[in-house]
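In this note's numbering, the protein residues as written are 30 to 600.
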């Protein structure tokens, strides 16, 4: 193989990487094509466009005695670039397997190699990923050497071993790559660069034709004109009977059968986003989340609008604590499908959990405006609005849910509405909501009881304080002449108001059925306390000793009933 480096500004590190490619080509004598993509020098992958910036990426395709070196502005390389995902510096390269396999199929390359080299004062480091057309791959561990050329040589040796251990390339059904001119490509001079001697290229042999397509030699003149920078549509994903059967088996819970049928589908029809998605779901069913994440990355790489795969990938990344990567997947999903419920919920919860409640609210309100009014979404929106202090909006959303749902979901909405009323001090409304929730869903009876006891214990505290410390102020004046009549009267007036409010509250609610007897005792004790306060106020007005005696008698009865109530509640 002879390759011309003219028109390329290759630094020594790039040339060192091409050494590895040449060795790979020599090792795979039967290969019709070999491709290479170089990552930015000094870094692992950061953003997809970085792969094609500043003349760093070079594609190499070979067929027999013909060798073609493609500049980064070549329309063929430009067409392949649109499929590359965002890979961060702390990620591994495994998710790129699907991308490189897709590029191999489109460009009719048997092998595609992704390498990264970097150098510093201590030497050079190289690593790589080899993908065989048809889905097989091998990751090449990072190696260190004094120079870039030596590092590339070690990578080449490992390439040879990897090729020997992997199955050979196979055809994957699909359409030929659509070629589009790269934006702003500089004119290429006809002569060689001043500092690079030309290298003779043997006469070219035709590239292997794509099945079902007439052979057309690849030249710039033959490339169709399209809008610069326009995205290239992904090739349609093949659907076959084996894949449909695998999906049916998965839906029936037969994971092993689904896995066998899926592998048969991939062998026959080649990999596809739909196949990788199904394999990921099978992996989730088998508790193999790492493999599922890898397959989901491949699926969303092959089809950037595969919303379900993006959402599932986001969920698994959240479980791993990679919330920024998960956010990216959820945002892509909701951008292409603004009403996708799982995508909206996943992204909103992610925003909420990382201090961006306002963004979560805006996201869900926009979805609600678009007609996505699922009760789960509205309940999350109510929770967020309540957390932001927008209690009226929160109440409105919960009321909507309670009005349009039934069963467990309606019971949950009533319960959350009760919690909201408690925050606002609306104890009567809160208890009504809790009791309604228990009537709708008997499993929530314990919650209704607990909330009832919490609220009524607060009311009991008010009545108990009135019967003890409040009444003591009255007795100090009535029995001992301590204090002024006006102070005793004002204190008894305040106590009377609190007691009447507590009695009115107790009479206005219907307690849970099993607490009805205790509630009756409570109302009776409250009523006696109110009567005692009214009689005490009458004595302060009239000074009638008969009224004073009756007030003390009723007060004693109220204290006795109240103690029996507390004993019943505690028992």
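Just so it is clear, CB atoms sit at the ideal spot from N, CA and C, and this is done for glycine as well.
Being a predicted model, the structure only gives us computed values, none of them experimental.
The beta strand (DSSP E) with residue i in it runs from where to where?
i: residue 159; result: 152 to 161
Is the Cβ-Cβ distance between residue i and residue j less than 9 Å?
i: residue 341; j: residue 313; result: yes
i: residue 278; j: residue 287; result: yes
i: residue 309; j: residue 293; result: no
i: residue 410; j: residue 428; result: no
i: residue 291; j: residue 272; result: yes
i: residue 329; j: residue 354; result: no
i: residue 558; j: residue 516; result: no
i: residue 154; j: residue 174; result: yes
i: residue 511; j: residue 562; result: no
i: residue 407; j: residue 426; result: yes
i: residue 435; j: residue 469; result: yes
i: residue 518; j: residue 451; result: no
i: residue 591; j: residue 493; result: yes
i: residue 385; j: residue 500; result: no
i: residue 486; j: residue 588; result: no
i: residue 449; j: residue 484; result: no
i: residue 534; j: residue 457; result: yes
i: residue 196; j: residue 139; result: no
Would you mind working out which of the options sits nearest residue i, comparing C-alpha positions?
i: residue 560; options: 532, 380, 541; result: 532
i: residue 479; options: 489, 513, 460; result: 460
i: residue 544; options: 527, 139, 523, 482; result: 482
i: residue 171; options: 161, 162, 188, 165; result: 188
i: residue 186; options: 157, 588, 455, 586; result: 157
i: residue 438; options: 568, 569, 467, 552; result: 467
i: residue 578; options: 529, 528, 346, 504; result: 504
i: residue 580; options: 521, 546, 547; result: 521
i: residue 529; options: 370, 394, 555; result: 555
i: residue 348; options: 274, 319, 394; result: 319
i: residue 389; options: 360, 365, 366, 404; result: 360
i: residue 363; options: 352, 392, 345, 198; result: 392
i: residue 178; options: 190, 152, 419, 163; result: 152
i: residue 568; options: 514, 550, 317; result: 514
i: residue 366; options: 399, 191, 404; result: 399
i: residue 181; options: 143, 323, 417, 502; result: 143
i: residue 334; options: 317, 387, 306; result: 306
i: residue 564; options: 551, 582, 184; result: 582
I need the boundaries of the alpha helix (DSSP H) containing residue i, first residue and last residue.
i: residue 289; result: 284 to 298
i: residue 463; result: 456 to 469
i: residue 512; result: Neither: residue 512 is in no alpha helix (DSSP H) and is coded neither H nor E.
i: residue 417; result: Residue 417 -> no alpha helix (DSSP H), and no H or E assigned at all.
i: residue 436; result: 436 to 452
i: residue 350; result: No alpha helix (DSSP H) holds residue 350; DSSP gives it neither H nor E.
i: residue 586; result: 574 to 599
i: residue 313; result: 302 to 314
i: residue 368; result: Looking at the DSSP string, residue 368 is not in any alpha helix (DSSP H), and its letter there is neither H nor E.
i: residue 496; result: Where residue 496 is concerned, there is no enclosing alpha helix (DSSP H), given that its DSSP letter is neither H nor E.
i: residue 392; result: 386 to 398
i: residue 318; result: 318 to 331
i: residue 276; result: 270 to 280
Please classify residue i as buried or exposed, where buried requires at least 16 other C-beta atoms within 10 Å of its C-beta.
i: residue 377; result: buried
i: residue 412; result: buried
i: residue 166; result: buried
i: residue 537; result: exposed
i: residue 358; result: buried
i: residue 21; result: Given that the chain is displayed from residue 30 to residue 600, the structure contains no residue 21 and the question cannot be resolved.
i: residue 326; result: buried
i: residue 489; result: buried
i: residue 424; result: buried
i: residue 11; result: This structure cannot settle anything about residue 11, because the visible part of the chain is limited to 30 through 600.
i: residue 373; result: buried
i: residue 332; result: buried
i: residue 343; result: buried
i: residue 369; result: buried
i: residue 573; result: exposed
i: residue 454; result: exposed
i: residue 593; result: exposed
i: residue 339; result: buried
i: residue 539; result: exposed
i: residue 346; result: buried
Which residues does DSSP pair with residue i in a beta bridge?
i: residue 174; result: 153
i: residue 559; result: None; residue 559 has no bridge partner.
i: residue 166; result: 160
Output yes if chain D places a C-beta closer than 9 Å to the C-beta of residue i; else output no.
i: residue 463; result: Note that chain D does not occur in the displayed structure, where there is just one protein chain.
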